[in-house]
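>
Residue numbers (the working numbering): 672 to 827.
1) Go through its chain and collect everything with a Cβ distance to residue 772's Cβ below 8 angstroms, but skip five positions before and after it.
2) Whole angstroms is fine: what's the gap from residue 751's alpha carbon to residue 731's?
3) Are the CB atoms of residue 804 and residue 720 nearer to each other than 8 angstroms?
4) Tell me which residues share the same chain as residue 694 and place their Cβ nearer than 6 angstroms to its Cβ, disregarding the 5 neighbours each side in the sequence.
5) Check residue 614 in the structure and name its three-state DSSP category.
6) Leaving out the 5 sequence neighbours to the left and right, which residues in its chain are closer than 7 angstroms to residue 797 when beta-carbon positions are compared?
7) From residue 799 to residue 682, what distance separates their C-alpha atoms?
8) Less than 8 angstroms between CB atoms is the rule here; does residue 708 satisfy it with respect to chain D?
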């Protein structure tokens, strides 16, 4: 598994931004209510981010700590995949939240202030999920071996 590169993260954030903005425009055009994230969503996103980072921390301690221990490779891979999924979904939700914020700020008549704070909270929670997902993914990578550095090999 390769580490997450910036390109898919930026692409998903932009996709979420466009989709969030278009969903709000569609709702306004059809006369439906604005799509607003629930107030508990930012709390849930931050809780998921903390859990992902907590799952990755023992793997980091085992591979980079003072005393190196054996790591279950299946557990490490599962945590790495969970971290990558968290980072990518965090990018998508960050874009969606920013799309709602963009829609609210571009209206000539401002909706209720609570809708702006709800969308900003979603974007902030998603940004935390994205950040901790990338950090947890970094925790699950193996450091380069000393033998590799001596022979001049590059690890992928």
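Note that beta-carbon positions come from the ideal geometry of N, C-alpha and C, so glycine has one too.
Taking the definition as stated:
1) 787, 790, 791 and 794
2) 11 angstroms
3) yes
4) 706
5) In the structure displayed, the chain extends from 672 to 827; residue 614 sits before or after that span and is not available.
6) 716, 761, 764, 765 and 768
7) 18 angstroms
8) Protein chain content of the structure displayed is limited to a single chain, and chain D is not contained in it.
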